[in-house]
Each structure stands twice: as structure tokens, then as C-alpha cells.
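For the sequence shown, the working numbering begins at 6 and goes up steadily by one. Everything below concerns the one structure shown next.
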Amino acid sequence: MPFLCLQRVCRVPLFSCLWWLGLVLSATVARPQEKPSTISLDVDATTISRKILSARESFPVASPSAHTLDLVYPKWIPGNHAPTGPIADLVNLRFAADGKNVAWARDPVDIFRFHVMVPAGTSSLVADFSLVGAYAPGNDFAPGNTSTPVQGDVNWDQLVLYPADTIADQVTVSASIRLPDQWSFATALPHPSQQGGTIRFDPVSLTTLIDSPLMCGSIMREFDITPKGVSQRHLLDLFEKSPEGLNLPPERIAAFRNLVSETGALFRSRHYASYHFLVEAQGETSDGLEHHQSSDEQVPELGMVSPPFSAEAGNLLAHEMIHSWNGKFRRPAGLATTDYQQAMVGDMLWVYEGLTSYWAEVLGARSGLETRAQVKDRLALYQAEMDTRTGRGWRNLQDVSRSAQVLYSAGQPWSILRRSTDFYREGPLLWLQVDSILREKSKGARSLDTFAAEFFGPPDGVVTVKPYTYEDLVAALNHVATYDWNSLFQGDLLATRPTPVSPGLEAAGWTVIYTDEPNQAAVDAESVSQQADLSTSIGLVIDQDGTIVDVAPDSAAGRAGLAPAMKLMGVNHRVYSADLFRQAIVNAETTPQAIDLLTLTDGYYGEFPVDYHQGLRSPHLARIPGKPDLLTTTLQPRRTD
Ligand SMILES: [Zn+2]
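This is the structure in C-alpha cells:
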């Protein structure tokens, strides 16, 4: 519209206004966006330990007249389900046409888009830029520049510009990377050839490049975990901070090999030529991003070898690998965008993430990465978490899925009321219900395993995306067993839940009870997070320095007026510690006196008597007498090798 166009020009600085005016006058021919044959991308990662990477990109252009070339920086990153492209960290951007600097301007509305002036007769346009620091602290979902002096993780989406309005599959990129001396690397990119410290790759589509991160480091070990009889190679590439972290026990290596076998038994196909688990052990928390032919994971230092981190790492690796089928090959239509600028629709994340989380539990147990008891503890924890989610009273799982693009970075405070990315917690319980219904309806002959082989099956060995809709999903389930799946999903997804319910566990023959006995999965999670999670008892989650990070509004602590960001200073007139607080909760079971808490907030002390006398309530699964135990049946191994 002319009005919008005028407003757009006036919002850019004077220099840009004049440049734009000149550009409008000089560009006599309106031309479609150029589709360069092959983009050349050379990354210098020799400074990765300083958390700075540099890139040079060449775009062949052949134009007799001056024009603008619009280049874009990836904004919506697959697997992040959000516009998390780290545009603020793209620095030192310069363009040159046949060796001479040329002007450029960022689009005033879409700041991921750059208008570059290409003079008449230009044959080659070169972009130089750097990426600093990558992801901002606090965005703990996406792996970013997690480099240390001995390791690094290169995500190509952070290091590439590409022509606007093009389909990523149709853009070809010839990439190379220079690494620090003596560093090893691993990636799913095909045919690397190394000369000195530079590795060159065969040209691939932009889609494949961005789907194939590269991990590198000086302390590395590669484990071949290909099961006998499987034609695709499966490698576990571990980049550690400490050499002792590379010493995976033989039984752990065998469990990862079992995981590969179990994925074959479940899906009956593989949508990759080979698969790499790319694991960087360096941080304090676990994080992962899925790809077609590799994972990209960060785990704590020594995280693959020392409990409790190794149990969580096993679950994480299983989760990301399952995404190769559920998320990469079969993808909800709203997430199957053709470039990285188009907004994604997260409505079906309760399938993409929820079903993946369910199968991560199931295959974790089937492969031996986790014991059945660990998986049951975790399911009890998921149910308990959902039971305390006050936010389920105003917001359903569908709304949570649709809001994922902001919930990942919403932070922990008030998440019990706000809700978080709960499809990772509520999803497994929903899919356990689906699995149990399938088993019950077919008298054990069919299950979600049947659905997995039908929905995520052939073609084998081909990397491709096959989008699906909600209707496709319902039809596929009906093909396994006829049932009113639509009513089930609409009831679960659209209903708000003011009261605790656990239809998933109950369908599988189990329920949740609360006792004084610790839940081992919760203990492990607290070891990793360094937080005291008392949300199922007094109603608080507390950081290791005593700061309240979340409160259940309808718990005793919530009713007493406690809130996130308050720092606990004292418990019953003694200096606060987590152990002392736990003991005070236990002692209060046998006394009518309230627990006195002293807080410090914004420079003010506060006193809060909390009237709570039910002790440390930890969730556990308990059998429902007389109902078949479908959960234990589901967790049985299926591999035959
Ligand atoms: Zn996931």
C-alpha cells in the first residue's frame, strides 16, 4: 500500500533515505530476486574459543544493470520452534562487489533482511561478517556458541545469509571451515576433505547445511554403535572438557547400541544415510537440538559417565534421535516451512515434542539406558508436575503448543501459573493413554508401535520431509484401531483442568500416590538443576542461594503470600538452608505451629508464617488393583539382535 511504503522510507535514517532515493531512481528495471547457482561459504572457526566466528560468503551475480539484492539471515530455526536466529550477534557486516565496498541497509521492518546495492556489471558479491557470543544467556533451549578452549559447536544457520524469497531446498551452498590446530570434528555433512586445518564439504542444499551442525574439539572420542545387521553407520561423537569423561563403560556403549536397535524395531525404517550423536560435554545443564542425520547436544562435563547426569543424558540422546522420525521426517504442516523467514505454527507440538518425549521414556527403558523404575519415577514426576500446574485451570495444552515460540524463553518464575512448554510433560501422559487404548482395543495385538511403523515408516534411507495435518494423524490412528480419537484429543487438548486427573496413567493401570519417600528422578533432577523442588508439598521451587524461583499460587506457600524473586533468609528463626527447610517441613507434620519464613526482597525483610503440615510429599506410581499393567508391557525390549 502506498501509505505503508511512504512510512517505511521515512523511518530509516537520512543517509538511508538518500540512498534509497538514489536507488529508486537508478534501478530502472524491477527484477525478480536472483537465485545464485552456488553460494560459497568459508567459516573461520580458529577463534571459536573466544566465542567469535568469522564468515566470508560469495554470491555469484550476473547483472548488466544496477539493482538491489535482498539477503536474509535465518530467523525461524527448526527445532527451536521460535524466531531465535541470533541477529543481534551478527557483527562486522560488510559487502563488496568485485572487490569494492558497496552500501547496504537493513530493512526497517524485517531486521533479518538486508538490501544490498549491486552496481552494474558486478560478477561477484562478497559478504564478510562475524558472529559473537551467539545465544544470549538464559535461552537454554537452543545450543548456541557453547565453545570452550577445547571444544565448540558450529551451527551453520548462525553463519549464513541467503537470497530472500527463495526456497531453502533450491539454494546450494559449498561450505568450508577452518578449525583450531589439532582439533577433531564430526558432522553429518557428506564427504569432508581436509587440507591442513581447513575442511571442505561437497555442495549441499541450504536445508541440508543448516540441518548438519559441526562439532569440534581437542578432547574427542568416537564410538561406533552400529548394531549388527544395520547398514547405516551410527556414531557417538563425544567432545569432552576432561579426558576421563571419554571413558564410557562398555555397558553404557551397549545401551546406546541397543537404542539404535530399538529405533529400528519401533519405526522399521531409517530416514538417513548415517547418524551421528554429536555430544559436547561442557556446561552445567543438558540441552539438545534435533536434526535428520545427527543430534546436537550439550551435557554437563563428565555428563556421559557420571550419575545422575548420565541418566538424563541417555534420555536426551534418545529424545533427539527419535526426532529424526518424529519431527524431521514426519513434520506438522505448520512447522514444515520452506525457508527460515516464514513464521512457524506450533499447534501440533504436543505430537512433535510430546510423542517424542513419550518414546524417549519407552526406548530409554527398552534399551537399558534407564531402568524401568527410573522411567516410572519420571512419569510420576510428570503427573505430579501437571497436578500442581495452576495454569492448567486457564490454559489448555493446545494454547501452550501455539505459544511455544514465547514460552521457551519465558523463564521459570511464575511458570506454575503461566505454564511452560508443558508438552514435554503432559504429552507423554497423553500418549501413554493413546498407547494403552490401542493395546486394549486390539487385545494386545496393536499399539503405538504399530502406528510408528505405519506413520513413520518407508522410504528407508532417504532424507526427506513428509508433512502431516491433524486430520492425517487421526486417520492414521484410526487405521491402527478405530476409536473416537478426535474426541479424545479435543478433550485433552482443549479442556482446562482445574482438578488433578491422570487418565494416561490410569489407562495403563497406574496412578500417582504421594509419600515421604524421595522420588529418585526428582532427586537426580535436583542434582542437575541445583534447585530444591518442593512444589508438590509446601509449594515452592528454590534456587541454591535461597531465591524462590516459583510458587504454586494455591499451595500453602502461595496462600501465605510468598512469590518468586523473594530470597529466603531464615527458617524458624535460623539462617536458611535447603536441608534446614526440609527438616522444618518434616517437623511441622506433628505440630500445629506454622513454619516461619524470613525473606529479603528489594531491600526489605518480610515475615511469612506458612501453615503447612503435610510433610514432604513425593510422587510415586502405584498399581491400580485389577487393571492390566500395560505400562510395564510397553517398556519391554523389542529388539531381536
Ligand atoms: Zn524435542
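Heads up, the beta-carbon is just placed ideally off N, CA and C, and yes, glycines get one too.
Next item on the list: Under the assumption that A415 contacts K446 (Cβ atoms under 8 Å), give the Cβ distance between them as a whole number of angstroms.
Entry: With a Cβ gap of about 39 Å, A415 and K446 do not count as contacting.
Next item on the list: For my contact list, A385 and N524 are in at a C-beta cut-off of 8 Å; report their separation, rounded to the angstrom.
Entry: 6 Å
Next item on the list: Give the range of the beta strand (DSSP E) segment to which G222 is assigned.
Entry: 219-222
Notebook entry, point to check: In terms of alpha-carbon separation, which member of V546, S582, Q287, Y345 lies closest to L567?
Noted result: V546
Note to self: What residue range does the beta strand (DSSP E) around Q156 cover?
What the structure shows: 156-159
Margin query: Quick check: does the Cβ of E295 come within less than 7 Å of any heavy atom belonging to ligand 1?
Written below: yes
Check: On the three-state DSSP scale, how would you describe F261?
Finding: helix
Notebook entry, point to check: Among the residues of its own chain, which have a CB less than 6 Å from the CB of S362, if the five just before and after it don't count?
Noted result: Y429, G432, P433
Item checked: Those residues which DSSP pairs with G239 across a bridge -> With the sequence shown as reference, residue 239 is identified as His, and Gly is not the correct amino acid for it. Answer is Y280.
Next item on the list: Inspect the beta-carbon positions of W161 and A191 and report whether they are closer than 8 Å.
Entry: no
Margin query: Would R587 and L621 be called neighbours here (beta carbons separated by less than 8 Å)?
Written below: yes
Next item on the list: Output yes or no for whether 8 Å exceeds the beta carbon distance between Q156 and L136.
Entry: no
Check: Who does D49 pair with in a DSSP beta bridge?
Finding: S59, R183
Next item on the list: May I ask you to report which of helix, strand or coil DSSP gives T213?
Entry: helix
Next item on the list: Since I believe V556 is in contact with G544 (beta carbons under 8 Å), could you give me their beta-carbon distance rounded to a whole number of angstroms?
Entry: 6 Å
Margin query: Can you tell me whether T426 sits near ligand 1, meaning its C-beta is under 7 Å from at least one heavy atom of the ligand?
Written below: no
Check: The beta strand (DSSP E) spanning T361 covers which residue range?
Finding: Here T361 belongs to no beta strand (DSSP E); instead the alpha helix (DSSP H) covers 359-372.
Notebook entry, point to check: What separation, rounded to the nearest whole angstrom, lies between the Cα atoms of I258 and A458?
Noted result: 26 Å
Checklist line | Sub-8 Å separation of G288 and E325 beta-carbons | finding: no
Check: If we count the other Cβ atoms within 10 Å of its Cβ and call it buried at 16 or more, is T639 buried or exposed?
Finding: buried
Next item on the list: For Y473, name the three-state secondary structure that DSSP assigns.
Entry: strand
Note to self: Suppose the cutoff is 7 Å on Cβ atoms and the five residues either side in sequence are ignored; what does the same chain contact list for D465 look like?
What the structure shows: S274, R275
Item checked: Alpha-carbon to alpha-carbon, A589 and D145 -> Because the pLDDT of D145 is 45, which lies under 50, any placement of that residue in the model is unreliable, and the number read from its coordinates should be weighed accordingly. When rounded, the distance between both Cα atoms is 33 Å.
Check: Candidates D344, Q298, D521, T343: which alpha carbon is nearest P624's?
Finding: D521
Check: Hey, quick one: how far does the beta strand (DSSP E) through R336 stretch, first residue to last?
Finding: 335-337
Checklist line | Close beta carbons around A132, own chain, < 6 Å, minus the five adjacent residues each side | finding: E62, F100, L166
Next item on the list: Flag H86 as yes when its Cβ comes closer than 7 Å to any non-hydrogen atom of ligand 1, and as no otherwise.
Entry: no
Checklist line | Alpha-carbon to alpha-carbon, E531 and L490 | finding: Note that residue 490 is Trp in the sequence shown, not Leu. Approximately 37 Å, taken between the alpha carbons.
Notebook entry, point to check: Would the C-beta of H328 count as close to ligand 1, meaning under 7 Å from any of its heavy atoms?
Noted result: yes
Next item on the list: Evaluate contact between the stretch 67-85 and the stretch 337-346, counting only Cβ atoms and requiring at least three cross-stretch pairs below 8 Å.
Entry: yes
Note to self: At a threshold of 7 Å, does E358 count as lining ligand 1 (C-beta to nearest heavy atom)?
What the structure shows: yes
Item checked: Heavy atom of ligand 1 within 7 Å of T290 beta-carbon -> no
Note to self: Is T361 close to ligand 1? I mean its beta-carbon at under 7 Å from any heavy atom of the ligand.
What the structure shows: yes
Notebook entry, point to check: Roughly how many angstroms separate the alpha carbons of W436 and G509, rounded to a whole number?
Noted result: 7 Å
Item checked: With 16 other Cβ atoms within 10 Å as the buried cut-off, status of N252 -> exposed
Check: Among residues of its own chain, excluding the 5 on either side of I53, which ones have a beta-carbon nearer than 6 Å to its beta-carbon?
Finding: S152, G157
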